[in-house]
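**Q** In numbering that gives the first Met the number 0, the protein residues as written are 0 to 173.
Built from N, CA and C at the ideal position, the CB exists for glycine as well.
What you are looking at is a predicted structure, and each value in this text was computed from that prediction instead of being measured.
Before I ask anything, here is the structure I am working with.
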Amino acid sequence: MFLTAIGEDPNRPGLVETPDRIARMCAELFGGLEQTAAEPLAKRFPVDENNLVMEKDITFYSVCEHHLLPFYGKVHIAYVPDGSVVGLSKLARTVEVFARRPQIQEQLTTQIANAIMNELHPQGVMVMVEAEHMCMTMRGIKKPGTKTVTASMLGCFEKDVALQERFYNFLRLG
């Protein structure tokens with residue numbers, strides 16, 4: 000229907016298999032709709048110290064729910080454990096659960112933070128997302144390179160300015 004709507008012939012040799020390719024692509028891009036963050040965050044390891052844990056520069060790709068165009072960038076996650084931690088890959092897997100849905104960046108940021116808070120039960124969590132949106136780059140205002148930054152702070156991060164500063168200082172580290 001899309002090919003016909005834009006004036007293409009869906010029976011043209013180069014387009015005959017396109018609907019199947021699009022279906023497979025959508026299954027991959029929107030696979031997070033079938034997942035929850037509970038699974039990647041379920042396996043925990045006990046710790047004696049509750050020191051700040053940070054994973055930064057987690058690359059993600061998502062699709063804007065308003066224009067169905069990609070947005071992509073980096074997610075930075077920090078949390079203060081409360082007796083247990085998760086494997087570092089589990090934070091990246093949590094990002095994937097929410098990024099692989101029709102999405103807006105503001106919601107993505109909050110969903111990641113809430114999932115970590117609700118599943119891991121740390122003392123606090125802070126999530127920052129930096130992304131470039133193709134709906135601003137290739138259409139509309141056409142401003143490539145523009146980054147949108149969002150952040151969510153829960154628990155001890157909400158009011159502890161010194162802890163927030165540690166987060167930002169960790170980001171600046173090479």
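Classify Thr35 as buried or exposed, calling it buried when 16 or more other Cβ atoms lie within 10 Å of its own Cβ.
**A** Classification of Thr35: exposed, given that the 10 Å Cβ count is below 16.
**Q** What does DSSP give as the partner residue(s) for His132 in the beta ladder?
**A** Phe70
**Q** From Asp47 to Val85, what distance separates their C-alpha atoms?
**A** 14 Å
**Q** Taking only runs that begin and end inside the segment 130–164, name each unbroken beta strand (DSSP E) of 3 or more residues, in chain order.
**A** 147–154
**Q** Can you look up Thr58 in the DSSP assignment and give me helix, strand or coil?
**A** strand
**Q** Counting beta carbon pairs with one atom in the segment 49–64 and one in the segment 93–107, are three or more of them shorter than 8 Å?
**A** yes
**Q** Taking 8 Å as the threshold, find out whether the segment 119–131 comes into contact with the segment 73–84 through three or more Cβ pairs.
**A** yes
**Q** Val94: which of Glu164, Val160, Leu32, Ile140 sits nearest, CA to CA?
**A** Leu32
**Q** State the CB to CB distance for the pair Gln104 and Thr149, rounded to an integer number of angstroms; the pair is presumed to be in contact (CB under 8 Å).
**A** 5 Å
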